[in-house]
Amino acid sequence: MRRYDFVKNRKYAFGFSIAMFVFFAIMLIVNGITLDISFKGGTRMMIETVGEVDPNKAGELIEQAINKKVIASITKTYDAASASATIDMLRIDIAGNEPLTPEEEEQVKTIIAQNFPVKLESEKNENVSITPTIGRETLQRGILAVIVSMVLILLYVAWRFSTLGGFSAAACAIIALFHDVGVMFGVYIVFKLPLNDIFIATILTVIGYSINDTVVVYDRIRENTVLMKKTDQGDIVNVSIHQSLSRSINTLATTLICIVTLLIYSVSNNISSLRDFSFSLLIGVITGVYSTIFIASPLWLFWKERKQKALVK
Amino acid sequence: MNDNRTFKLFIIVLIIACICLLAITGLGPENARIVKGVNELRTGIDIRGGISAIMQPVYDQGTEGRNVAQDLASARQIIEARLDAQGIYDKTITVDSTNNRLIIDIPWAANETEFNPRKALDELGSTGALTFQEVDDADQYTDHTQLKPTGRIVLTGEDVKTASAVTDQTGNYVILLELKPSGVEKFSEATARLKYKRIAIFMDDICLSAPTVQDRITSSEATITGRFTLEEAKALADKIRFGALPTKLEAVKVDSISAQLGKGALDVAVKAGILSFILVCIFMVLYYRLPGLVSVFALCGLVALQILVLSNFNISVTLPGIGGIILSIGMSVDGNVIIFERIKEELKSGKTLRASIDSGFKRAYVAILDSNVTTIITAIILYILGSGPVRGFGVTLFFGTLFSFFSAVTASKMMLQGVSAFGFAKNKWLFGVKKDKGGKTSEAL
């Protein structure tokens, strides 16, 4: 069986990734970024209920009606008038930079009144605008944390893989990480999925997964560089990728078993937070493995070759 | 020698069994648990609901000259830090900008029976302003709980660099303050002037302690003593560390809030988790056979350890958090996969079983170490720099990676070496490698 030549065919992989990013950039201009209420803030409507209301269902219905991201829940307060009775309110959070228009508000009220036992004219009902629950500082600190950890990973990989030229290997690993984060963002933009705190968590997970994957292949290249001193660098990279391929695939397989199981369960039971979580992980883990095999190591080789050519000149 | 290896196998299996049992049942009597099990896991607000409180700023001097919106934004940040310090990562704090109020949603504590949300919220809303004040001469012998602020301030929270809860020589919990240079100067001046007099330490207008100055203190460290429990000492230290709220907040309305998801959501996640676990185990056993079986044991221990960390650190677990645990089932076999692939390669190159296992582990070790260190770096940075959900993620990532590293390079290794001591294990087929007629080996499947 002829082995697939990752090094020779790298131009296709690079081309594919570049084309993909151009597509994402166009979609970014067309679609823009959708932010969830946790980043954007929005409007909170409180409507008194007089019977059983399923908040999950209510949220879905409103989402369909006004095409904005909605989180609904029920709050209970003990009634001041009688100790045993409670006042139940349906709490609807609607993401949006602008306050709800009167038409939208009317739409929400209509759809809720049609489907659930609520008191639209209660004096307890209110509409307030709320700020993002994930403040700007949380987001900034999160981004800062990712940048600092990337710099430290860069230093660590450069130190541990000095046989691979240190910095060049580390830089390629980081480029592969940016590739993965970019693809995850891209998919969210293309499908107009709202960015929220779950998305941040999955990006962090994928960064961990992808760097793991890249380091394992680098480890093989490092080992083979010592073992196969006379061999051409391109062959070493190819052999190393092939040797670690069954590991990459098997770990991907066990990880995908979990993600796909979660995805199926959450879609069939309509649990949006778990669905968002497993969907973005699915994308991230696949691109993580792809970037290790087709981007990080071949890119590193490309870098080395360019440098050697420059030296010869 | 063989006996030794079998003995180690037995010990490791026993340890894993104990960890699993501990994770399921926990340890200790009901009201004073030593180890909390899976049932005491603190579930997040999306699963179990919690309380939603509306906090209104109270300005004693009126709002003139104050930027209320800005005060609320900084209060939000400080309250977030205070809750983070308690391991509550899944709260949401939002500013109701229509009415200038804070709305705080926090999950119920695990198995909460006598939780008093008012008290918790009053504490949360207290400004947490720390002051060291002179004591009137008339009050030199008054019990410190009776002392009222005199307004003659020696030090404020601004002069404190950091604070932590520690035990002193007598085993009591105290709060250790490290002072800024400005604080050292003031404190040294004050302790010289107030020798043999008392200095009262106030949190807002409650006196925590009022020690008598025995000598001039010129060092950068000071302690607050009092009859604190560990929790009280920690909570006070946190308040001092995160700074004072710009204004006092009062809970004007406290509601209980339902889980955002139906009650079935948790069951669904647990079912998905069990199914994922079974499928991963089947995959590992089918593909790697005997080593695969070993990794199944290691995986059991790993999941149990993770549950133990989450329940004993009181970290509230949201549905995506449970998703993260399930994901780690798939990701953490990675170390084992790297090792088993190596062992297969070594076996194929014609080495004996024992030599293959040893060199397989040895050669895989570096790869596993390097890949885990990079993840640990990320986890630590996320914990230090992140806040809220990012920080919670850092905690779980750190322990998940650490445990999977040790389970792969230690537990799996000892178990595999132990199993290989048995006669039946000499069959290379059990390691996914088959011997064909020509004596050459080739990969099975």
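So the protein sequences, as listed, match chains L and S.
For the first sequence, position 22 matches number 22 in our numbering, and the numbering has no gaps at all.
For the second sequence, position 12 matches number 1012 in our numbering, and the numbering has no gaps at all.
Glycine included, each C-beta is placed from N, C-alpha and C at the ideal position.
Neighbour flag for residue i against chain L, beta carbons, 7 Å
i: L1286/S; result: no
i: A1444/S; result: Because A1444/S carries a pLDDT of 39, less than 50, the predicted location of this residue cannot be relied on, and no value is offered for it.
i: I1015/S; result: no
i: S1407/S; result: no
i: S1387/S; result: yes
i: P1320/S; result: yes
i: E1341/S; result: yes
i: D1370/S; result: yes
i: E1114/S; result: The pLDDT assigned to E1114/S is 45, lower than 50, so where the model puts this residue is not dependable, and the model offers no usable value.
i: F1393/S; result: yes
i: T1378/S; result: yes
Where residue i falls: helix, strand or coil (DSSP)
i: G1394/S; result: helix
i: F191/L; result: coil
i: R1227/S; result: strand
i: N1172/S; result: coil
i: G1050/S; result: strand
i: G314/L; result: Because chain L in this structure spans residues 1 to 313, residue 314/L falls outside the shown range and cannot be described.
i: P1057/S; result: strand
i: S1219/S; result: coil
i: A1244/S; result: coil
i: S1182/S; result: helix
i: S1387/S; result: coil
i: F1313/S; result: coil
i: K77/L; result: This sequence places Thr at residue 77/L; Lys is not what is there. In the structure shown, T77/L sits in a strand (DSSP, three-state: E or B).
i: V1433/S; result: strand
i: P1291/S; result: helix
is_contact[residue i, chain S] using C-beta, thresh 7 Å
i: D219/L; result: yes
i: L144/L; result: yes
i: F277/L; result: yes
i: T225/L; result: no
i: V148/L; result: yes
i: S168/L; result: no
i: K76/L; result: yes
i: R247/L; result: yes
i: C172/L; result: no
i: N115/L; result: no
i: S280/L; result: no
i: M1/L; result: At M1/L, the pLDDT of 46 sits below 50, so the modelled position is not reliable and the matter cannot be decided from this model.
Which listed residue (the options) has its alpha carbon closest to that of residue i
i: N250/L; options: T1218/S, S1349/S, S1332/S and R1227/S; result: S1332/S
i: E1345/S; options: G1301/S, T1410/S, L1308/S and V1433/S; result: V1433/S
i: I207/L; options: Q64/L, F24/L, T101/L and I143/L; result: I143/L
i: K1221/S; options: V1294/S, L1177/S, N1031/S and S1256/S; result: For the sequence presented, residue 1221/S should be read as Glu rather than Lys. With distances taken between Cα atoms, E1221/S lies closest to L1177/S.
i: T1016/S; options: K1426/S, S1407/S and L1430/S; result: First, the amino acid is wrong: residue 1016/S is Ile here, not Thr. Ranking K1426/S, S1407/S and L1430/S by Cα distance to I1016/S puts S1407/S first.
i: D1159/S; options: D1122/S, S1412/S, L1124/S and F1242/S; result: F1242/S
i: L1083/S; options: G1388/S, N1100/S and K1180/S; result: G1388/S
i: P132/L; options: L1124/S, I1093/S and K1148/S; result: I1093/S
i: V66/L; options: I33/L, Q107/L and T34/L; result: Note on identity: in this sequence residue 66/L is Ile, with Val being the wrong assignment. Comparing Cα-Cα distances from I66/L to each of I33/L, Q107/L and T34/L, the minimum goes to Q107/L.
i: A1081/S; options: C1300/S, R1005/S, G1125/S and A1259/S; result: G1125/S
i: F1424/S; options: I1325/S, T1212/S and L1290/S; result: L1290/S
i: I1329/S; options: K40/L, I259/L and W300/L; result: I259/L
i: T261/L; options: A1272/S, I1104/S and Q1417/S; result: A1272/S
i: Q1417/S; options: S1182/S, F1132/S and L1353/S; result: L1353/S
i: G182/L; options: A170/L, T202/L and T163/L; result: T202/L
i: Q1133/S; options: P1211/S, L1275/S and A1304/S; result: P1211/S
If contact is defined by three or more beta carbon pairs under 8 Å, each pair taking one atom from either stretch, is the segment 1162-1171 of chain S in contact with the segment 1139-1150 of chain S? no
Between the segment 1231-1248 of chain S and the segment 1180-1197 of chain S, do at least 3 Cβ pairs fall closer than 8 Å? no
Three or more beta-carbon pairs under 8 Å between the segment 1046-1059 of chain S and the segment 1241-1249 of chain S, yes or no? yes
Give the residues from the segment 192-213 of chain L that approach chain S closer than 9 Å (Cβ to any Cβ), ordered along the chain. D197, I198, I200, A201, T202, L204, T205, I207, G208, Y209, I211, N212 and D213
Is there contact between the segment 85-93 of chain L and the segment 296-313 of chain L, where contact requires at least three CB pairs shorter than 8 Å? no
Say whether the segment 1335-1346 of chain S touches the segment 171-178 of chain L, bearing in mind that this needs 3 or more beta-carbon pairs closer than 8 Å, one atom from each stretch. no
Could you run through the segment 1092-1104 of chain S and flag, in chain order, every residue whose CB is less than 8 Å away from some CB of chain L? T1092, I1093, T1094, V1095, D1096, S1097, T1098, N1099 and I1103
Do the segment 1365-1378 of chain S and the segment 1283-1296 of chain S meet, that is, are 3 or more Cβ pairs less than 8 Å apart? no
Beta carbons nearer than 8 Å to chain L: which residues of the segment 1291-1317 of chain S have them? none
Contact between the segment 1371-1387 of chain S and the segment 188-208 of chain L is defined here as three or more beta-carbon pairs at a separation below 8 Å; is this criterion met? yes
Mind the definition here: the segment 1037-1046 of chain S touches the segment 1088-1106 of chain S only if three or more C-beta pairs lie below 8 Å; say whether that holds. yes
With 7 Å as the limit, tell me which residues of the segment 44-67 of chain L have their beta carbon closer than that to any beta carbon of chain S; keep them in chain order. D54, P55 and N56
Taking any Cβ of chain L, which residues in the segment 1063-1096 of chain S have a Cβ under 8 Å from it, in chain order? A1073, R1076, Q1077, E1080, T1092, I1093, T1094, V1095 and D1096
Answer yes if the segment 112-131 of chain L comes into contact with the segment 13-21 of chain L, meaning at least three C-beta pairs across the two stretches below 8 Å, and no otherwise. no
Do the segment 188-196 of chain L and the segment 31-41 of chain L touch if we need at least three Cβ pairs shorter than 8 Å? yes
Indicate whether the contact test is met: 3 or more Cβ pairs, each with one atom in the segment 1313-1326 of chain S and one in the segment 241-256 of chain L, closer than 8 Å. no
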